[in-house]
Every structure is written in C-alpha cells, then in structure tokens.
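I have placed the structure first, in the form of structure tokens, so that the comments after it can refer back to it.
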Amino acid sequence: MENSKINKPKSSEELKSKPSLNFIELIIEEDLKNNKNEGRIHTRFPPEPNGYLHIGHAKSICLNFGLAQKYNGLCNLRFDDTNPVKEEVEYIDSIIEDIKWLGFDWEDRLFYASDYFDQLYEWAIKLIKNGKAYIDDQDVEAIGEQRGTPTKPGINSPYRNRSIEENLDLFKRMKNGDFADGEKILRAKIDMASPNMHLRDPAVYRIKHADHHRTGSKWCIYPMYDFAHGESDYIEKITHSICTLEFEVHRPLYDWFLDQIIEGNYRPRQIEFARLNLSYTIMSKRKLLELVEEKHVSGWDDPRLPTISGLRRRGYTPESIRNFSDRIGIAKRNNIIDVAMLEHSVREDLNKKALRRMAVLDPVKLVITNFPEDKTEYLEAVNNPEDENAGKRKVPFSKEIYIERSDFMEDPPRKFFRLSHGKEVRLRYAYIIKCENVIKNNDGEIIEIQCTYDPETKSGTGTTQRKVKGTIHYVSAKHAIKVEVRLYDRLFINENPDITEDGKDFKSNINPDSLKVIEGFVEPELKNAKPLEHFQFERQGYFCVDKDSTDNRLIFNRTVLLRDSWAKKNK
RNA sequence: UGUCCGAUGGUGUAACUGGCAACACGUCUGAUUUUGGUUCAGAAGAGUCCAGGUUCGAGCCCUGGUCGGACAACCA
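For any residue, its number in the numbering used here is found by taking its place in the first sequence, counting from 1, and adding 424.
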C-alpha cells in the first residue's frame, strides 16, 4: 500500500494552480486555517520619522500593505516616534507622501506610537506593581559595565530590589520632571544572566527633557522601542508584526512585554525577513544622511539616491517599484540584489508608457546639401509603438539637422550600421541619406557632415524598396530646443560600497562621474513638457522632466539607458 | 567560550505534508524590426555548504561539522 505513493509525479496543472508562497504567506495561511485571532490579518508599517524612506522601505511597505490586500486584511501606518530628539515633522510629511505615491492607502488608520503614551505609562506602572520593573539610579556607563558581554553574564544592579512603593514613587517623580536626563531609568526586571543580551534588564523608560513633535512638553520620559512597539501592536490589534532580521534577537523581549499585559486569546506575532540590499547602493539611513549633510548629493531627493523621493525624481514609477518588490521575493537569508533587476523593472514599465521623442545629446551638425534651403517638412511620427492610443505627432525636418556624434564614424568597425563616408542610413521618419563629405576644424574635429538625401525614400510612402541597415535620430536645427540634461550613473564604483581600503569609509567609493550635466537639443514637441513626465529619447534611454525646470529652460534627468546590444558587443 | 538566524546556477526567489531542481534578472545565439529598443525562438549555467544517518527515494527529516549574518545604545 505504501507503493501507491511511489513515483507519483506532479502534474503541471497542479504546479500552475498553486502559486508559490513566501514563508510569511505560509505562516499566514496556516494561521487562517487555525482561525488564529479570529481569522483577522492586520499588519502595519512602522517607520521612525528620522529620515527619508528608501527602496528598502518600499520592500517592506509593499510586503505589509500587499499582505493586507491579498488576505483581505488591513495595514496601518504607524510612526514609531518614541525618541523626540531624533525625529522631525519634515520626515513625517515626506514619508506620508512617499507611501501614497507608491500607491498604498491606510485609510483612517494613521497612528503614532506617541498616541499611546498614556496607556504605555499605565502599563509601565503595572510592570512596577507586579515587580517586573525597577528604577535604576546608575548612569549609562555603570549599567553598561554590569550588562556583561554576549559570552559573559551580567550582574544585578544594586537598585534591582527596591521596594515597589519606592519604584512607584520614583517613576512618578521621573514623569514629573524631578530628575535630569540620565539620572534615573526604568528597567524591566528579567534576567541579567540571560544568554540573550536584550533580556538583561533592558531599559523601558528614559528621561529626555525634550519637546515632542506631537505631545509637546507633556512628557519628559519616553518609552523605549522594545516596550512601545509590541504594546502598540497590541493596542492596534496587529496580528502579524513584520520587521527586519536584526530584530530577531529582540523577539523574546517583544513576547515578554506582551506577556505582561495580554488578556484573552488575541496575540500579535513578530516575524522577521531579510532587508533589501542593492548592488552599488548604500541603504543605511545614517549613511544616506551623511551623504546629504556633507553635500555629496543635492538633497534627500537627489536622483542618484535610492530614496523613494530620489527614485521618483529620477523617473521611476510606482508600478516599477512595486513590480520590483514582487520580483525580489521575501526570505530570511541575506541578499544583494543586482541593480540591473531594478533597472529592468523601470524599463519594462516605461516601455509601455513613455512617449517617444527625439533628442540629440552630443550634437554634430549635418547638412543635407540637396534639400531646399528654406523648406520645412513635417513628418508623421508614432508616439509610442507599444501603445496605439498614444497617437502621433509631427516632427519638423529641414536642411540642417543635428545628429549624435557617435552615429558617425570615419573608420567604422564591421557591422557599424550608422553613418560613414559614402554610406547610407535612414533618418527616422524621414529619408535615406548618404554621406558625401565631412568638414573638420583645425584640430581635426568634425564640425559638419554633408549628405544628400533621396526624395524617393520618404518614410511611410511604402514605395521604397531600398533597405538600409541603420536608422538614426536627429533634431532639425532651426526647430531644436536647447535643454539641460542630467546624465546619472551609479553613485558608487563598488558593488558593495562598504568594502574599502584600510582606514577609508564608504565615501571613498563614490563615483566621481555619477552626474554629468550637458546641453542637448530636443524636438519642439517637448516644449510644454511638465515635471515628472516620462519620455523615451529614442535609441538612448528614458528621461524625466526635472522639477528644477523653468518656462525658459527644460531640464531632463536620465532615468535609465535603453538596453544596447551594440554598445555591449563593443565593450 | 554564549544566544538566535541563515546556506539552492553569476544574482534573487521557488520546489505544496520527502518523488532526481523551476521562475525571474543577467549572459550568449538566432529571427523580426524605420529605436542596435520592444517582441519572438533558443542556449549555456546549480545536482542544492560538508560528512554521516533514516528511507525504495532527501534540497526538504535526524546528527555532527563548516561558513556567513545578527545581538553587548538611556537608537529604531
């Protein structure tokens, strides 16, 4: 009878019908099956407002909000604002803007840990009353010394066995402002010999005479993360509290604090996953701050930064970031994702959406000698071959045009499909031209290319039998708009910017050529382009209008290059 | 002489309660193409960290190693 199980193949139908789940979804589905927490799924995204959100946060946002959507649950936005000296309103605003932009909605569930300060204070008193917390008079150093090391147990504080009454009184006086910062601290009474450092009587409440962005001067004591976080989850009825791996060691403490207050069957569960790492990118908030403050970049929204606001300004779309998040998956092992994956996600999205335009970024003048002097022809051009609804436009064409310097070569290699002496190419949407002559200046630099065109080869007439291998883009000289173009490249030279020579820090790996500002010519259709609009400059890449643009001067940011198998082959 | 976590192609993620490894990115061919883009067709690339064990059968289970990561803030 056992044999019936032998060699039973999986049918491909079976495999298709079951989309693979990540380990968190596996946990959720198990919980659902057991009707845990009445079958509710409730997650939260809990940023600390001490910096701008980055692509790593986007992973977490997509995870938390995505899980809620998938399982018909809810996801709260909760600011973890328990440390007033590090947190600022500017960050709150940017975080809200970024999550909305990514396309997620917390409805009326915008919360702050500071909303719960009263309740948290009550629970702290409960801890004291139950003999689970005490006031320590020692300073940071003394407490640090007593904590031991991961391999050496700590020792008890001399204040560990104060009476409950004294603790209660002292705690109240802490709250009332009778003590200076650091003079007293409330500690959980757990186990100074625990192999888990976080269980060695961790801090619960510390004194900070600082105004809070929401509670003003009401408090001069503030709860620590470990205490506030789990209890806030409990207050909000969160079922799955998802955070990154470094909090794994905190989980026993998360559970311990919960144990002190929990009533009934409902209980939130902390689950950890591996944070996102991207090659050639720095993700640490502290280091990003450093780049901003030391002006290595123009600000938090510098298009070279992996911040959400930077990516937005660079020209990334919310869809591309969400798709990226889906693609990279969720697991517990440390990872470094190739930025090529991110770039693929934008190209994929922008290919479908971006209107095509012609732009010459490194211009050289080309004169069509047999084209009438004052004539302008308006040629019909497709706005987006991937989207019929995008329509068409007219592109001006005249005797003098600009083409890309790299589209002409005097000594072309094999398989060079562009212009060279005596060779022909098609001008996109226009005619086939033939190079007759080249004019150089005294330095040997080409300043003008002279060509003839064949009027019989006009695009779209369908009469042309002649085939040419290459098609190049151009902009009519007298119709061209001069614009600024910011060419971005990766901010760091190293795949892992943290690997440096001895004595140097990650900033020694900054790519000196991460930004090149140039002037180029674009077709007149672009005249009224608005900030954040996306375009594909044909044969070059995707570009996005920068917010620094004015009526007189358009500025484009290069989002990403087009794939270029020719360039790759010739590397 | 600690505790916790992890280990699958170059990268990342899968493989449902064990049934000889799939998908995506990347790479390389070729076709199509008025974007050297897109699209399409195809290829190469791992035998799952190591050693044992259980089993008809192990990437999945067990034991022991190895390697990597996290933890000693009155930060989150």
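Backbone N, C-alpha and C fix where the C-beta goes; we use that ideal spot for every residue, glycine too. Keep in mind it's a predicted model, so treat the numbers as computed, not measured.
Checklist entry - Who are the near neighbours of S444 in its chain, counting only those whose CB is closer than 8 Å to its CB and skipping five residues on each side? => result none
Next on the checklist: Am I right that A904 and V941 are in contact with their C-beta atoms under 8 Å? What's the rounded C-beta distance?
Outcome noted: Their Cβ separation, rounded to whole angstroms, is 18 Å, which puts A904 and V941 out of contact at 8 Å.
Checklist entry - What span of residues does the alpha helix (DSSP H) with I552 cover, start to end? => result 541-553
Item to check | Reduced DSSP secondary structure (H/G/I, E/B, other) of D878 | outcome: Correct three-state label for D878: strand.
Item to check | Three-state secondary structure assigned by DSSP to C486 | outcome: Here C486 sits in helix by DSSP.
Checklist entry - Do the segment 777-791 and the segment 888-900 touch if we need at least three Cβ pairs shorter than 8 Å? => result yes
Next on the checklist: So, with DSSP's three-state summary, where would you put E872?
Outcome noted: strand
Next on the checklist: At the level of alpha carbons, what is the spacing between N920 and R963?
Outcome noted: 30 Å
Next on the checklist: Using only the alpha-carbon positions, how far apart do I760 and M707 sit?
Outcome noted: 11 Å
Checklist entry - Taking Cβ positions, are P727 and Y912 nearer each other than 8 Å? => result Yes.
Checklist entry - Nearest CA to the CA of K902: which residue from F916, S656, P948? => result Of F916, S656, P948, the residue nearest in Cα terms is P948.
Checklist entry - Who are the Cβ neighbours of V892 in its own chain at under 6 Å, not counting the five residues just before and after it? => result E848, V849, R850, I856
Item to check | Residues near P836 by beta carbon distance below 6 Å, same chain, minus five either side | outcome: S844
Item to check | Distance between beta carbons of F595 and I552, contact taken as under 8 Å | outcome: I552 to F595, Cβ: 6 Å. Contact.
Item to check | Whether L774 touches Q960 by CB criterion (8 Å) | outcome: The Cβ-Cβ distance between L774 and Q960 falls below 8 Å.
Checklist entry - Can you check whether the CB of R691 is closer than 8 Å to the CB of L702? => result no
Next on the checklist: For I863 and N994, I'd like the C-alpha separation in whole angstroms.
Outcome noted: 27 Å
Checklist entry - Taking just the CA atoms, how far does L501 sit from E660? => result 11 Å
Next on the checklist: By the three-class DSSP mapping on this structure, what secondary structure does E389 have?
Outcome noted: Examination of residue 389 is not possible in this model, given that the chain is present from 425 through 995 alone.
Checklist entry - Span of the alpha helix (DSSP H) holding F980? => result For F980, no alpha helix (DSSP H) run applies; the uninterrupted beta strand (DSSP E) run containing it begins and ends at 979-985, by DSSP.
Checklist entry - Between E449 and I695, what straight-line distance do the alpha-carbon atoms span, to the nearest angstrom? => result 11 Å
Checklist entry - Cα-Cα, which of W724, T467, P820, N488 is closest to S749? => result Comparing Cα positions, the closest option is N488.
Checklist entry - Assuming R737 and D970 make a contact with CB atoms under 8 Å, what is their CB distance in whole Å? => result 7 Å
Item to check | Assigned secondary structure, R780 (DSSP; H/G/I helix, E/B strand, else coil) | outcome: strand
Item to check | Contact between the segment 819-826 and the segment 787-797 (3+ Cβ pairs under 8 Å) | outcome: Yes: at least three Cβ pairs fall under 8 Å.
Checklist entry - Relative to the C-alpha of P820, which residue among E810, E804, N813, E812 is closest? => result E804
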